[in-house]
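Numbering (our numbering), first residue to last: 1490 to 1651. Heads up, the thing below is written out as structure tokens.
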Amino acid sequence: MISLIAAVDRRMAIGFQNRLLFWLPNDLKRFKTLTTGHTILMGRKTFESLPKGALPNRRNVVLSSQESLRLPGAEVFRSLEEALASCHPDEHVYIIGGESLYRQALPLADELCLTEIDAEAPQADAWFPPVDRSVWQEKSRDARPADEKHPCPYAFVDYVRR
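Quick look at the structure:
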């Protein structure tokens, strides 16, 4: 099972200068709940953006073209194909970014786990690929209002391939 997981604004923006666009504690909790005990696959820049390095209680897999790159707590592969070949058939793999990896992995994905943020970030330089509604069907939606910890409304939306 391959899932792409991301938080996107109204324009499908996902980041600016290798950082998340919005601080949403419930989104971070959902990310942790879904990915713990599974494999997370990311690009090198995404790994470098993690404040404490490899995420605990998950298999951390990083893509990099740098042959000699060693990252504590992570396995490094040169291509998406190599990384996926290292996974067991029953392993749930979450693709966690960045932009180019999402684009590569979208045709292989079984599921999209998006946090759709009802706002536009003032600045963005990374984007999630378009979600083609003829390919992806909404499976569930959990809408949440803005509150004291969340500056704007958002929804946890899961899509499955039609």
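Beta carbons are placed, not taken as given, at the ideal position from N, Cα and C, and that holds for glycine.
Going by C-alpha positions, F1511 is about 26 Å away from D1599. In this structure, the CA atom of E1556 is about 26 Å from the CA atom of P1578. The straight-line gap separating the alpha-carbon atoms of Q1612 and F1505 is approximately 6 Å. Taking C-beta separations shorter than 7 Å and ignoring five residues to either side along the sequence, the partners of P1634 in its chain run P1642, following chain order.
Straight-line measurement puts the Cα of H1639 at about 7 Å from the Cα of P1514.
DSSP places D1631 in no alpha helix (DSSP H) but in the uninterrupted beta strand (DSSP E) bounded by W1625 to R1633.
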